[in-house]
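*Asks:* If you read the sequences in order, they're chains A and B. Counting with the UniProt record's numbering, you get residues 1 to 420 for the letters of the first sequence. Counting with the UniProt record's numbering, you get residues 1 to 420 for the letters of the second sequence. Ideal placement from N, C-alpha and C gives every residue a C-beta, glycine not left out. I have a structure I would like to understand better, so I am pasting it below and will then ask my questions one at a time.
Protein chains: 2
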Amino acid sequence: MSSRTASLRSLSRATATTTATSPGIRLFSATARRAAPSAHRALVFREHGALNDALSAHTFRALSPPGPGRVNVRVRLAPVNPSDVNVVEGVYPNKPSPETLLPPDSGGTQDFSVAGGEPVQSVDGGEGTGEVYVPGNEGVAEVTAVGEGVSGLEVGDWVVFAKTQPGTWASARQVGARDVIRVDKDAGEVTAAMLSVNPPTALCLLREFVPLKEGDWIVQNGANSAVGQLVIQIAAQRGIRTLNFVRSREEQANNALVKHLGALGATHTFTYDALADRTLTAHIKQLTHTAPPRLLLNCVSGPQTTGLLRLLGQDAQLVSYGAMSKQPLALPAGAQIFRGLVARGFWMSAWYAAHARKEREALLEEVVRLKLEEPRHTVFTVQAGWSDEEAGRRVREALGVQGRSPGGEKVLLRVEDPVV
Amino acid sequence: MSSRTASLRSLSRATATTTATSPGIRLFSATARRAAPSAHRALVFREHGALNDALSAHTFRALSPPGPGRVNVRVRLAPVNPSDVNVVEGVYPNKPSPETLLPPDSGGTQDFSVAGGEPVQSVDGGEGTGEVYVPGNEGVAEVTAVGEGVSGLEVGDWVVFAKTQPGTWASARQVGARDVIRVDKDAGEVTAAMLSVNPPTALCLLREFVPLKEGDWIVQNGANSAVGQLVIQIAAQRGIRTLNFVRSREEQANNALVKHLGALGATHTFTYDALADRTLTAHIKQLTHTAPPRLLLNCVSGPQTTGLLRLLGQDAQLVSYGAMSKQPLALPAGAQIFRGLVARGFWMSAWYAAHARKEREALLEEVVRLKLEEPRHTVFTVQAGWSDEEAGRRVREALGVQGRSPGGEKVLLRVEDPVV
Ligand SMILES: NC(=O)c1ccc[n+]([C@@H]2O[C@H](COP(=O)([O-])OP(=O)(O)OC[C@H]3O[C@@H](n4cnc5c(N)ncnc54)[C@H](OP(=O)(O)O)[C@@H]3O)[C@@H](O)[C@H]2O)c1
Ligand SMILES: NC(=O)c1ccc[n+]([C@@H]2O[C@H](COP(=O)([O-])OP(=O)(O)OC[C@H]3O[C@@H](n4cnc5c(N)ncnc54)[C@H](OP(=O)(O)O)[C@@H]3O)[C@@H](O)[C@H]2O)c1
Chain A
1 MSSRTASLRS
11 LSRATATTTA
21 TSPGIRLFSA
31 TARRAAPSAH
41 RALVFREHGA
51 LNDALSAHTF
61 RALSPPGPGR
71 VNVRVRLAPV
81 NPSDVNVVEG
91 VYPNKPSPET
101 LLPPDSGGTQ
111 DFSVAGGEPV
121 QSVDGGEGTG
131 EVYVPGNEGV
141 AEVTAVGEGV
151 SGLEVGDWVV
161 FAKTQPGTWA
171 SARQVGARDV
181 IRVDKDAGEV
191 TAAMLSVNPP
201 TALCLLREFV
211 PLKEGDWIVQ
221 NGANSAVGQL
231 VIQIAAQRGI
241 RTLNFVRSRE
251 EQANNALVKH
261 LGALGATHTF
271 TYDALADRTL
281 TAHIKQLTHT
291 APPRLLLNCV
301 SGPQTTGLLR
311 LLGQDAQLVS
321 YGAMSKQPLA
331 LPAGAQIFRG
341 LVARGFWMSA
351 WYAAHARKER
361 EALLEEVVRL
371 KLEEPRHTVF
381 TVQAGWSDEE
391 AGRRVREALG
401 VQGRSPGGEK
411 VLLRVEDPVV
Chain B
1 MSSRTASLRS
11 LSRATATTTA
21 TSPGIRLFSA
31 TARRAAPSAH
41 RALVFREHGA
51 LNDALSAHTF
61 RALSPPGPGR
71 VNVRVRLAPV
81 NPSDVNVVEG
91 VYPNKPSPET
101 LLPPDSGGTQ
111 DFSVAGGEPV
121 QSVDGGEGTG
131 EVYVPGNEGV
141 AEVTAVGEGV
151 SGLEVGDWVV
161 FAKTQPGTWA
171 SARQVGARDV
181 IRVDKDAGEV
191 TAAMLSVNPP
201 TALCLLREFV
211 PLKEGDWIVQ
221 NGANSAVGQL
231 VIQIAAQRGI
241 RTLNFVRSRE
251 EQANNALVKH
261 LGALGATHTF
271 TYDALADRTL
281 TAHIKQLTHT
291 APPRLLLNCV
301 SGPQTTGLLR
311 LLGQDAQLVS
321 YGAMSKQPLA
331 LPAGAQIFRG
341 LVARGFWMSA
351 WYAAHARKER
361 EALLEEVVRL
371 KLEEPRHTVF
381 TVQAGWSDEE
391 AGRRVREALG
401 VQGRSPGGEK
411 VLLRVEDPVV
């Protein structure tokens, strides 16, 4: 436990927010190379399972130069999101495509391509050359080589990924140029690494379902999640008042959390347990009686969420985007029939799939403009000097079952190219 | 039990569908009267409770002539719907207004007015003159007297009620002329009695949520409910295919039910239990694979309904309009987030409140044009010769807890004016 803490703590925010970039060399030819590393590393799984069981580290041969329309990138930072945990567990609908990552010492050329639709060359035989899955749905990467016919992207540019399950828990990837979106380095490395999933989710949750104006109230659970903290900030920027619910914790931690969310702009923060006391319900009804909440954002589900329904006004929307409690959500028929409650889901991947590239870019640009506070996080570096065996062990130890730091913070992975 | 059956059985469909009307005398003056009965009777409750506990019969003084803008009506037939049961139980949001129905032998004039907004004169003192509630949300009535300034309604016309909780479980009522809608006698007495709640509900359920075209599939539970049978017929008229779910019953009854629903136009009828066998799911998926169902109509809720969700395609709507199981509905987050399932409610009362009178009339006219088969039903007559005591006892006995006939059929009440 203490070593886990130490290994996470030793990589502080200072590291996380380093935004210096190596200038790189601007290259157009697909065969050109930039201080090329001799190998890369990825975190992979072969079978579904718990994060701290299924993950291992895998060193693989340096990327070949990108073909036409493709680019090589060095992944700088990639978060561990709850959905990544679900992907490894096998309970998420999207799954990375299987890949064959050839070890650096094996023969033959590697026609490496990233997950998500493109063909993947399967290599027969050879120890350690079987198929693996590389998790990681978002991150920030730096372009290291550009294939023929690619416009609008240069070596040194920062990009985020525009298609699901690109496999970002790796030091390098080769991707289609149209599957990445250039981002401004001003955004900062941490923000950029977590740009494409949580902030646009928070933004969409607040604008796609119920028209909200200044002074309106909304309710959310899991309010201290990364998404929850972003919702608080965006709402506060717009004068929308938030009733935030979190799990109860030891008193001091609780006070610190309430204070932290308040500083981000939370109007009120309560624990689910506190709602068992009906006087709190009455108090909230009193507070909100001129504008009863018409939006409940849910990433928890389970009985606590059902309890929140009575805070809602007529014709409200319950928008579910997660189910951290792993329990279903029970809806009383009366709320739906007589009080017009509509319950629906939101999935950022579906939104991306349904919107044109221009709209996606506009969404990300809007996110950057909002200048949101990064959620609390820790960076875990998979160090160049570690063997695959050591790297795997340390990652499993650090991520545990939940993929969060011992302090409950979001973990960002920085996978370094291994020294081989 | 057998006497209950007998008393219900003795009043057959033949009785129920008698449509002959007494021509009546056309009267304009509010003071005029038509072969006026000396008293009326209502089924009433004073405290919420089970139907077979809370209900009693109450003879009350003959209506005074209707004032300006009002009409007196004789209620011909009024159904016992599940929502009426819930009203008596006190678990329904709409509740009739309290009324004071003066006994025929007490002094003073009775300023009787019907529930639902109009002021009700409260009479102090006097045994048996306390406040009561008259249940009954729909029914067909015949106009017996017309107040000044009422146009478009004549004595002898049939009307249905255009506002909620008019208290139709009575032999006579006085209502605002704008709170009734004239219906064509061609509709038939039983159809007219059940015109304003179930058939428009079935029609709205099929047209307000998912655009449906010929060949599409829908799923419904409680398929043998009155609403369910209407849904089957309307769907069949439009070439929409229905997957109907019912509770399992003893084999012969089951076969008879499947046959009956089939004759109405049901494409397939299954029991909830049968779905426990995954091969049925596979079979249905196979059947519907070119047009996976996008509409699930739910009046049952509870775990059986959650089980039906896996029959739905992408972006489906689950529309709840009842919860006969009295259990909440558990929604798996994945269905909402990844499969775009939207869960909402439908309430006919809210629809009426949100639509203008013209639209309501158009809806009822459309219902009549559909020429739908009446759901299976039995008529229970509260006979003129019975004392209030006997009438109350027999009603409680006949309706039981559920308000259905021993054969599970819908009960229609015909409350006769008592002989006093
Ligand atoms: N639908 C979409 O498109 C979309 C997009 C982004 C995220 N999400 C989902 O949104 C959720 C939050 O993501 P995130 O990245 O913001 O997560 P995060 O920062 O890792 O935070 C996780 C949150 O879940 C709470 N939690 C964990 N287990 C819980 C339990 N058993 N009961 C109640 N709360 C529990 C945590 O509360 P404690 O601090 O009390 O442990 C914390 O608030 C996840 O379910 C994720 O999959 C969905
Ligand atoms: N929202 C609205 O505006 C609106 C309008 C009209 C009706 N409704 C609702 O729609 C529902 C049906 O009304 P209706 O007049 O058509 O009813 P009905 O003809 O009296 O039929 C009742 C139905 O409920 C089923 N049922 C009873 N208890 C059940 C249980 N524990 N589990 C599963 N099924 C059960 C019965 O099945 P069995 O034959 O197996 O007992 C039957 O199919 C009611 O809930 C009513 O309140 C709502």
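#1: Rounded to the nearest angstrom, how far is the Cβ of T201(A) from that of V175(A), given a contact under 8 Å?
#2: If we ignore side chains and look at the alpha-carbon of each, how far apart do L205(B) and L297(B) end up?
#3: Residues of chain B with a CB under 9 Å from the CB of V342(A): which are they?
#4: Check whether chain A comes within 7 Å of Q336(B), counting only Cβ atoms and requiring the distance to be less than that.
#5: Who are the near neighbours of D273(A) in its chain, counting only those whose CB is closer than 7 Å to its CB and skipping five residues on each side?
#6: Please determine if the segment 141-153 of chain B and the segment 80-87 of chain B are in contact, where contact requires at least 3 C-beta pairs separated by less than 8 Å.
#7: Between H58(B), A172(B), L370(B), P293(B), which has its C-alpha nearest D186(B)'s C-alpha?
#8: Please list, in chain order, the residues of the segment 44-64 of chain A that have any C-beta partner in chain B closer than 9 Å.
#9: Quick check on the DSSP output: the alpha helix (DSSP H) that includes H260(B) runs from which residue to which?
#10: Please determine, among E409(A), E374(A), L413(A), the residue with the shortest C-alpha to C-alpha distance to A391(A).
#11: Would you mind telling me which residues of chain B sit closer than 7 Å to Y321(A), beta carbon to beta carbon, in chain order?
#12: Buried or exposed for H289(B), please, with buried defined as at least 16 other CB atoms from any protein chain shown within 10 angstroms of its CB.
#13: Thinking just about the alpha-carbon of each residue, which of V319(B), A335(B), R339(B), I337(B) is nearest to the one in A333(A)?
#14: When you measure from the CB of M348(B) to every non-hydrogen atom of ligand 1, does any distance come out below 6 Å?
#15: Should N255(A) go down as buried or exposed, given a rule of 16 or more other Cβ atoms within 10 Å for buried?
#16: Looking at chain B, is there any beta carbon in it that lies within less than 7 Å of the beta carbon of A330(A)?
#17: Mind listing the chain B neighbours of residue 428(A)? Cutoff is C-beta to C-beta under 9 Å, in chain order.
#18: Just the C-alpha distance for A14(A) and T378(A), rounded to the nearest angstrom, thanks.
#19: Any beta-carbon of chain B closer than 7 Å to the one on A333(A)?
#20: Mind pulling the chain B residues with CB within less than 7 Å of P93(A)?
#21: How many angstroms separate the CA atom of A223(A) from the CA atom of V246(A)?
#22: Among V134(B), R70(B), G313(B), which one has its Cα closest to the Cα of W217(B)?
#23: How about S301(B): is its C-beta nearer than 7 Å to some C-beta of chain A?
#24: Going by the CB atoms, is the gap between L372(B) and L230(B) shorter than 7 Å?
#25: Tell me whether M324(B), by its Cβ, gets closer than 6 Å to a heavy atom of ligand 1.
#26: Taking the alpha carbon of A62(B) as the reference point, which residue from A170(B), E154(B), V88(B), A50(B) has its own alpha carbon closest?
#27: Return the Cβ separation of T168(A) and E138(A) in integer angstroms, given the expectation that the two are a contact with Cβ distance under 8 Å.
#28: Return the first residue and the last residue of the alpha helix (DSSP H) that V368(A) is part of.
#29: Do three or more CB pairs link the segment 350-368 of chain A to the segment 351-366 of chain B at distances below 8 Å?
#30: Using beta-carbon positions only, say whether L43(A) and V395(A) come within less than 7 Å of one another.
#31: May I ask which residues mark the beginning and end of the beta strand (DSSP E) holding residue 425(B)?
#32: Based on the DSSP output, what are the partners of R241(A) in its beta bridges?
#33: Expressed to the nearest angstrom, what Euclidean distance is found between the alpha-carbon atoms of E409(A) and F209(A)?
#34: If we call anything under 7 Å between Cβ atoms a contact, is E148(A) one with L77(A)?
*Replies:* Put simply:
#1: As a position in the first sequence, residue 201(A) is number 201, starting the count at 1. As a position in the first sequence, residue 175(A) is number 175, starting the count at 1. Their Cβ separation, rounded to whole angstroms, is 22 Å, which puts T201(A) and V175(A) out of contact at 8 Å.
#2: Counting from 1 along the second sequence, the entry for residue 205(B) is found at position 205. Counting from 1 along the second sequence, the entry for residue 297(B) is found at position 297. Whole-angstrom Cα-Cα distance: 7 Å.
#3: Taking the first sequence and counting its residues from 1, one reaches residue 342(A) at position 342. Near V342(A) (Cβ distances below 9 Å), the residues of chain B are V342, A343, R344, G345.
#4: Within the second sequence, numbered from 1, the residue matching residue 336(B) stands at position 336. At least one CB of chain A lies nearer than 7 Å to the CB of Q336(B).
#5: Here residue 273(A) is taken as the residue at index 273 of the first sequence, counted from 1. S248.
#6: no
#7: Working through the second sequence from its first residue, we reach residue 186(B) at position 186. Ranking H58(B), A172(B), L370(B), P293(B) by CA distance to the CA of D186(B) puts L370(B) first.
#8: none
#9: Mapped onto the second sequence, residue 260(B) falls at position 260. Residues 251-264.
#10: Here the question's residue 391(A) lines up with position 391 in the first sequence. Selected option, being the one with the closest Cα: L413(A).
#11: Taking the first sequence and counting its residues from 1, one reaches residue 321(A) at position 321. Going along chain B in sequence order, the residues near Y321(A) (Cβ under 7 Å) are I337.
#12: Counting from 1 along the second sequence, the entry for residue 289(B) is found at position 289. Exposed: under 16 other Cβ atoms inside 10 Å.
#13: Your numbering for residue 333(A) matches position 333 in the first sequence. For the residues V319(B), A335(B), R339(B), I337(B), the minimum Cα distance to A333(A) belongs to V319(B).
#14: In the second sequence, the residue the question calls residue 348(B) occupies position 348. No.
#15: Start at 1 with the first residue of the first sequence, and residue 255(A) comes out as number 255. Exposed.
#16: Along the first sequence, one-based indexing puts residue 330(A) at 330. It does; some Cβ of chain B falls within 7 Å.
#17: Because chain A in this structure spans residues 1 to 420, residue 428(A) falls outside the shown range and cannot be described.
#18: Mapped onto the first sequence, residue 14(A) falls at position 14. Mapped onto the first sequence, residue 378(A) falls at position 378. With a pLDDT of 30 at A14(A), under the threshold of 50, the modelled position of that residue is not reliable, and no figure is offered here.
#19: For the purposes of this step, residue 333(A) is taken as residue 333 along the first sequence, with counting starting at 1. Answer yes: the Cβ-Cβ gap between A333(A) and chain B drops below 7 Å somewhere.
#20: Counting from one through the first sequence, the residue named residue 93(A) turns up at place 93. Within 7 Å Cβ-Cβ: F338.
#21: Stepping through the first sequence from its first residue, residue 223(A) is reached at position 223. Stepping through the first sequence from its first residue, residue 246(A) is reached at position 246. One C-alpha to the other measures close to 6 Å.
#22: To locate residue 217(B), count along the second sequence from 1; it is residue 217. Nearest C-alpha to W217(B): G313(B).
#23: Walking along the second sequence from the start, residue 301(B) turns up at place 301. So, interface residue.
#24: Here residue 230(B) refers to the residue found at position 230 when the second sequence is read from its first residue. Here residue 372(B) refers to the residue found at position 372 when the second sequence is read from its first residue. It is a contact, given that the beta carbons lie within the stated cut-off.
#25: By one-based count along the second sequence, residue 324(B) stands at place 324. No, ligand 1 has no heavy atom inside 6 Å of this Cβ.
#26: Your numbering for residue 62(B) matches position 62 in the second sequence. Among A170(B), E154(B), V88(B), A50(B), the Cα nearest to that of A62(B) is on A170(B).
#27: Reading the first sequence from its first residue, position 168 is the one you call residue 168(A). Reading the first sequence from its first residue, position 138 is the one you call residue 138(A). Yes, they are in contact, since the Cβ atoms of T168(A) and E138(A) sit about 6 Å apart, within 8 Å.
#28: Numbered from its first residue, the first sequence carries residue 368(A) at position 368. Looking at the DSSP string, the run of the alpha helix (DSSP H) that includes V368(A) is 357-369.
#29: no
#30: Here the question's residue 43(A) lines up with position 43 in the first sequence. Here the question's residue 395(A) lines up with position 395 in the first sequence. It is a contact, given that the beta carbons lie within the stated cut-off.
#31: Residue coverage of chain B in this structure runs from 1 to 420, which leaves residue 425(B) outside it and unanswerable.
#32: Against the first sequence, residue 241(A) aligns to sequence position 241. In DSSP, R241(A) forms a bridge with W217(A).
#33: Looking up residue 409(A) in the first sequence gives position 409. Looking up residue 209(A) in the first sequence gives position 209. Each residue's alpha carbon lies about 29 Å from the other.
#34: Position 148 of the first sequence holds residue 148(A). Position 77 of the first sequence holds residue 77(A). No, they are not a contact pair.
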